[in-house]
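Enquirer:
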Ligand SMILES: Nc1ncnc2c1ncn2[C@@H]1O[C@H](COP(=O)(O)OP(=O)(O)OP(=O)(O)O)[C@@H](O)[C@H]1O
Ligand SMILES: Nc1ncnc2c1ncn2[C@@H]1O[C@H](COP(=O)(O)OP(=O)(O)OP(=O)(O)O)[C@@H](O)[C@H]1O
Ligand SMILES: [Mg+2]
Ligand SMILES: [Mg+2]
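Chains as they are written, first to last, in my numbering: chain A, 1 to 505; chain B, 506 to 812; chain C, 813 to 1119; chain D, 1120 to 1437.
#1: Report yes if the C-beta distance between residue 912 of chain C and residue 1041 of chain C is below 9 Å; otherwise report no.
#2: Determine, using beta carbons only, whether residue 257 of chain A comes closer than 9 Å to chain C.
#3: Could you check whether the Cβ of residue 370 of chain A sits closer than 9 Å to any Cβ belonging to chain B?
#4: By the criterion of Cβ-Cβ separation under 7 Å, what are the contact partners of residue 56 of chain A in chain B?
#5: Where does the unbroken alpha helix (DSSP H) through residue 168 of chain A begin, and where does it stop?
#6: Residues of chain G with CB closer than 8 Å to the CB of residue 963 of chain C, please, in chain order.
#7: Taking 8 Å as the cut-off, is the CB of residue 959 of chain C close to at least one heavy atom of ligand 3?
#8: Starting from residue 285 of chain A, follow its DSSP beta bridges and name the residues at the other end.
#9: What does residue 1432 of chain D touch in chain C if you count any residue whose Cβ is under 8 Å from its own?
#10: Per DSSP, which one or two residues make a beta bridge with residue 15 of chain A?
#11: How should residue 1119 of chain C be labelled, buried or exposed, when 16 other C-beta atoms within 10 angstroms of its C-beta is the threshold for buried?
#12: Kindly indicate if chain A contains any beta-carbon less than 9 Å away from that of residue 812 of chain B.
#13: Under 8 Å, CB to CB, which of the residues in the region 908-932 of chain C have a partner in chain A?
#14: Is there contact between the region 549-561 of chain B and the region 1311-1322 of chain D, where contact requires at least three CB pairs shorter than 8 Å?
#15: Answer yes or no: do residue 506 of chain A and residue 281 of chain A have a C-beta to C-beta separation smaller than 9 Å?
#16: Return helix, strand or coil for residue 325 of chain A, following the three-state DSSP convention.
#17: Can you give me the C-alpha to C-alpha distance between residue 1261 of chain D and residue 1289 of chain D, rounded to a whole angstrom?
#18: Does the beta carbon of residue 954 of chain C come closer than 9 Å to any beta carbon on chain D?
#19: Where does residue 143 of chain A land, buried or exposed, given buried means 16+ other C-beta within 10 angstroms?
#20: If you follow the beta strand (DSSP E) that residue 1137 of chain D is in, where does it begin and where does it stop?
#21: Count the other C-beta atoms from every protein chain shown that fall within 10 angstroms of the C-beta of residue 186 of chain A, then say buried if there are 16 or more, exposed otherwise.
#22: Output yes or no for whether 9 Å exceeds the beta carbon distance between residue 514 of chain B and residue 804 of chain B.
#23: Grab me the residues of residue 969 of chain C's own chain with a C-beta within less than 7 Å of its C-beta, minus the 5 sequence neighbours each way, in chain order.
#24: Which of the three DSSP states, helix, strand or coil, is assigned to residue 528 of chain A?
#25: Report the option in D/1358, D/1241, D/1362, D/1164 whose CA atom is closest to the CA atom of residue 1342 of chain D.
#26: Tell me whether residue 1195 of chain D is buried or exposed, calling it buried when 16 or more other Cβ atoms sit within 10 Å of its Cβ.
#27: Any heavy atom of ligand 3 closer than 8 Å to the CB of residue 4 of chain A?
#28: Is DSSP giving residue 1004 of chain C helix, strand or coil here?
#29: Thinking just about the alpha-carbon of each residue, which of A/480, A/494, A/19, A/23 is nearest to the one in residue 254 of chain A?
#30: Since residue 1282 of chain D meets chain B, which of its residues come closer than 7 Å, beta carbon to beta carbon?
#31: Does residue 719 of chain B get closer than 9 Å to chain D when you measure Cβ to Cβ?
#32: Starting from the Cα of residue 609 of chain B, find the closest Cα among B/726, B/752, B/760, B/712 and give me that residue.
#33: CB-CB under 7 Å to residue 1113 of chain C, same chain, minus the five flanking residues each way: which ones, in chain order?
#34: Should residue 388 of chain A be listed as close to ligand 1, given that the test is whether its C-beta is under 8 Å from any heavy atom?
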């Protein structure tokens, strides 16, 4: 066996027009290691991985596999060479079944002329169950975004590869699924498969990885053993300055008057009898496992999904929200968890994406005021730290995390009374995350009601003053004060080994 | 800008034609070309907006015809021609509203809805006319002036056309209401999640497209002094082709009025050139198709280069 | 299943018609209906596959015609009819390949490419025939049998049609190669990421669609004993309509052969009923359109209920 | 005294079958077909497809056939495609006569039409005479439609043969579309400022052509074939020069006669080989129903609505 690294990238540069996404990057992956790749949003992580997987071609530089210079001209070639990639952006065939998606590459490579659905479904279910018991005959379009993420991961597990790349696989996963994934990755490692792991969650990197490479502004900064590093050090290398990773201070004293009160909200299908209050000054969290129904509750509340019964009181006034536009008019806005499908307009400019929620702000008479729109976009992108060419660029030219920042900027552009954020920091780097947390706290302080749905437990506990935990479409309990991850998980999963905890509700 | 490629191609063709035929670069010929696509150009405007929102309308030819027929029949029944025209245009708008209903409330797609409308509305023209062209010979001259009159040597039709195009091009680029059309066509779900009433947007765009077709019908009536029940058969393909050549996508989210009009101009220059050069009728179709394909390929090439 | 809704509607219409007209449920009438859509049905198969991959082909009518014309002209030049037919089908496949080239290599969209092809290929038929139908009266009886012969009272045409439909329906559901068509149409990027050569897929599907149109042309030639340069004008809309009624989406990723054929059958039952009921010609189009719209709405309703 | 044999049995039905059935050309044909039928005490029906599609027309023909009429007067959209259906009908004992377009290779008994070649020829003469035999002319075409192609070919042939100073300067396809005809004539006038006449073989294009001519000073004489109310008005107003119009009424009336005869071959006892060959003894291969040249002087006599009113009938609706 040669001692050459499995995959080596030397002096790789990539330009998109005027944007230098990567500059003279070196990267090497040893056999059987789990190699973390860190960097701010837009640092060039996904770009490098897309080059390794044959999706993009480098502007210059070379790629070596087992020490031999190789050209990876297409995803098909990458697959033949044994390089697999779990994409940051979900890329599934929505109209096909989960099973077909999972085995798409295998189907493509197989010689047999006919499909064998029975075997396909059986094998797919086996793979799927490693992560979560999603029925594989379902069409992908029926799945929530987090479940789609799991399918995307399952898909990669069926590849017969030597190098497996995970590009932010856990961005929308809860602790349980994340742990299941780690289990699998460790098994893969034991089979001496080499793994590149991209994440913005430091804890994961330190729990899982052997080495860590840091990128900044499209350049390689450092590669070290994880055991030689600390999270703070990694972050400093990423950002180039010290960042306090601590959460903003929580609400001190009593919260103000009730802004929103929900009583017995049901949709007759996915959730039932949901009641909670939101008070001025506090940040309310919604916790739960994937598929618990948090997203549906938020959608129901905002008129984006029909509800069958329930009462919503906004600022002391009972309101009936027929559809989302009327919710927006009443000051209730929702940030979608599914960025690509319903969060941003990929082909439209950054400025147009930000102004959409309240076009009146940028309208004079019946015409758009381009200058106002540009000013608004400039102010908000700066505030959010969006890394971009210019505000007229299409959102599709942004990195995943920066797209998410644009989506949040859109919510910030209006002055809502209640803001519901579903997985707000999905794919967002450490520095920006802290900024967003601060922003949420400021909003809460200024009297805006803030509800955060997050699958990332530390975030949920760190940011929220109070957490309502949802289990199978019902309120399983509520936590406040000094919350622990364990308590949330226990409520969310309904496991009651400490007896009384389950009866908190 | 997408349009530059088309402009370059049209200019190149025109220069070539100027050398090939002494008649090409005359005001008479330019006027002839403009006249020949001015009225259809009004329909192209509506179609482009509809394509941007992700729709399509196969019924425009039938609606143009029905607007003609209804206005004509009203006039023959003694209604004054201006009121008759208004009725024709209103009926067209109503047809658009009906299609909008089927698309936004019933939930059918634009293709099948407008296909059915195409057949139904054509049928209604047959019913009204009993298959024979209505002779509107008695239309008063001041009404005929819309289609046949001039203003300082420039035909009214061209003035109307330019006004409509400039106005809608401006609105489409600048008006808030039309921006919503882009949002809806670009990503309907995201638009809904941004508080845009996408159904309303689609409904009104559908109405707009039919209404403009109705306007075109009235102008045609004024120009030809007749209402023929077979008028406009197959027009939709030409219109959609112009918009698509001009950069509109059948998947919605992109397109400009100016581009679509350039697409129309390209088609018109080609047709007109073939006649000026006295190309055999048997060869005209093939050559026209080849030039079209070539032009679009070159445009695509110029366009994708710039990215 | 999408198809059940259509089956219900077609059956309901048929039952109603059986009561309304004694001639409806006769073998003669059923045969006339089947014959009227059998050959087009073969084209529908190709179109459906193409729609699934996200394409569209406006040139099918022209290609059907050109296949007829080329085979016919070859035959008149002394080539034996079977070889002549093979040449006609090959030429059709070549046209498909040319369109595939423009779509996958040059990067134009299917709509504009096939629109240009529609015009060009129609022009080529005009050139070959000089505008006059070729009379192929001397075709040998064993060749004419394809289009005119019967087997135990069932026309060969219907047998061929059923065979093609059953085969492709099966392949589309079960064959690995055809699954790739679905994947490509559903999400081209995702398919690429899985190593599927989506360009190749699109290329071959384009070729398939034209080839089947070529096959249809040859069958028409055999059935009609003639090659008319105007044959198939406007056919594309009917074909696409059938596929869309049957559940195919213009955005790709969905559709079935069986559904598309049911769509075709629905259109045919409606047309046939109107004639049998002796509905006034003035009213036929309108009523046909309304029934179509109603049927599609009901189907949509039945379909969306089930989700 | 023998009973008059020239009448129908109860239920004896004669059908006329066309394509693009909503178009005015057929109406006078059917009207006279119907009148003849009534005189014979027969039932008549007007059938066809509203579409311009040979497959659909054959389907409607087959459907008519499935009801077993005594005879079908058919306008076959294309000649050879109708061979098989017509033969099937004849073999089934249904008489078939073609009108306005033929299917010569089929077993149809008779064919009645105006002479397209003569129409083209007379149209040419009328135009050339009005221009004193000197000048430029153009034609609009609808390539692929047989009777239209014939008219155009005859028009040009006559000009070349008899009027050497008439120069053909342009041919364009307008495909029966007024808007295309308008564009084509505008372009033709640009290319040939001295254009004196344009001929087209059908009425739809004439509306556009006339308007284009008018906008350019009305120097171009518009000559066409077929008429309708609108064309007649324009002829009277001088916007259109003239039209050759087939005698549709005679086409329908004589068409019925031929068909009725074909359905009753038993009426004669042939003195030739018909009995042995099994062919229809009532075969009259070809009848010319004639045509008129319509100009401002006689245009008033061609209004269809006036005729219907005078007769008090409902045209194709009965
Ligand atoms: N198609 C494109 N066109 C133009 N610019 C692009 C394109 N794709 C990526 N970029 C730019 O390249 C840079 C690197 O993007 P990349 O997606 O690699 O970042 P990343 O490190 O993965 O960030 P994130 O953590 O947000 O996913 C960004 O500045 C981005 O805007
Ligand atoms: N109509 C439905 N019938 C059955 N299951 C459904 C339906 N709609 C959604 N689901 C399932 O519900 C789950 C998604 O629910 P939801 O998105 O509300 O969960 P969540 O708590 O927000 O979690 P996540 O973090 O996944 O968003 C998925 O497993 C999805 O398959
Ligand atoms: Mg990334
Ligand atoms: Mg969720």
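Using N, Cα and C, we set each Cβ at its ideal position, and we do this for glycine too.
Expert: This is what the structure gives:
#1: Here residue 912 of chain C corresponds to residue number 100 of the third chain, with the count starting at 1. Here residue 1041 of chain C corresponds to residue number 229 of the third chain, with the count starting at 1. No, they are not a contact pair.
#2: Numbered from 1 along the first chain, position 257 holds the residue referred to as residue 257 of chain A. No - not a single Cβ of chain C is within 9 Å of the one on residue 257 of chain A.
#3: Your numbering for residue 370 of chain A matches position 370 in the first chain. Yes, residue 370 of chain A counts as interfacial toward chain B.
#4: Numbered from its first residue, the first chain carries residue 56 of chain A at position 56. Within chain B, no residue comes near residue 56 of chain A; the closest Cβ sits about 15 Å away, beyond 7 Å.
#5: Indexing the first chain from 1 puts residue 168 of chain A at position 168. No alpha helix (DSSP H) holds residue 168 of chain A; DSSP gives it neither H nor E.
#6: Among the chains of the structure shown, chain G does not appear; the protein chains present are A, B, C and D.
#7: To locate residue 959 of chain C, count along the third chain from 1; it is residue 147. Result no, Cβ not under 8 Å from ligand 3.
#8: What you label residue 285 of chain A is simply residue 285 of the first chain in a count that begins at 1. Partner(s): A/452, A/467.
#9: Against the fourth chain, residue 1432 of chain D aligns to sequence position 313. Here the premise fails: no neighbours, minimum Cβ distance about 15 Å.
#10: Counting from one through the first chain, the residue named residue 15 of chain A turns up at place 15. According to DSSP, which records beta bridges pairwise, residue 15 of chain A is partnered with A/20.
#11: Locating residue 1119 of chain C in the third chain gives position 307, counting from the first residue. With a pLDDT of 42 at residue 1119 of chain C, under the threshold of 50, the modelled position of this residue cannot be trusted, and the question is left open.
#12: Position 307 of the second chain, counted from the first residue, corresponds to residue 812 of chain B. Unreliable placement is indicated for residue 812 of chain B, whose pLDDT of 42 sits below 50; no coordinate value is reported for it.
#13: Listed by position along the chain: nothing, the set is empty.
#14: no
#15: Examination of residue 506 of chain A is not possible in this model, given that chain A is present from 1 through 505 alone.
#16: Sequence index remark: in the first chain, residue 325 of chain A carries index 325 (1-based). Three-state result, residue 325 of chain A: helix.
#17: Looking up residue 1261 of chain D in the fourth chain gives position 142. Looking up residue 1289 of chain D in the fourth chain gives position 170. Computed Cα separation, rounded: 14 Å.
#18: Within the third chain, numbered from 1, the residue matching residue 954 of chain C stands at position 142. Taking a beta-carbon distance threshold of 9 Å, residue 954 of chain C does not count as an interface residue toward chain D.
#19: Against the first chain, residue 143 of chain A aligns to sequence position 143. By the 10 Å Cβ count, residue 143 of chain A comes out buried.
#20: Taking the first residue of the fourth chain as 1, we reach residue 1137 of chain D at position 18. Start and end: 1132-1138.
#21: The count along the first chain starts at 1 and reaches residue 186 of chain A at position 186. Result: exposed.
#22: Stepping through the second chain from its first residue, residue 514 of chain B is reached at position 9. Stepping through the second chain from its first residue, residue 804 of chain B is reached at position 299. Yes, they are a contact pair.
#23: On the third chain, position 157 is the one that residue 969 of chain C refers to. Contacts found: 847, 850, 851, 959, 1031, 1035.
#24: Residue numbering for chain A in the displayed model covers 1 to 505; residue 528 of chain A lies beyond these limits and cannot be assessed.
#25: Taking the first residue of the fourth chain as position 1, residue 1342 of chain D is located at position 223. Of D/1358, D/1241, D/1362, D/1164, the residue nearest in Cα terms is D/1362.
#26: Indexing the fourth chain from 1 puts residue 1195 of chain D at position 76. Counting Cβ neighbours within 10 Å, residue 1195 of chain D comes out buried, since at least 16 surround it.
#27: Taking the first chain and counting its residues from 1, one reaches residue 4 of chain A at position 4. Flag unset: Cβ of residue 4 of chain A not near ligand 3.
#28: Position 192 of the third chain, counted from the first residue, corresponds to residue 1004 of chain C. DSSP places residue 1004 of chain C in helix when its eight states are reduced to three.
#29: In the first chain, counting from the first residue as 1, residue 254 of chain A sits at position 254. For residue 254 of chain A, the closest alpha carbon among the candidates A/480, A/494, A/19, A/23 is that of A/480.
#30: Position 163 of the fourth chain, counting from 1, holds the residue named residue 1282 of chain D. Result: empty, since nearest Cβ-Cβ is about 20 Å, beyond 7 Å.
#31: Here residue 719 of chain B refers to the residue found at position 214 of the second chain. Cβ-Cβ to chain D under 9 Å: no for residue 719 of chain B.
#32: In the second chain, counting from the first residue as 1, residue 609 of chain B sits at position 104. Nearest C-alpha to residue 609 of chain B: B/712.
#33: For the purposes of this step, residue 1113 of chain C is identified with residue 301 of the third chain, where counting begins at 1. If we look at residue 1113 of chain C and ignore the five residues flanking it on each side, it has no Cβ neighbours.
#34: Translated into positions along the first chain, residue 388 of chain A becomes position 388. Within the cutoff, so yes.
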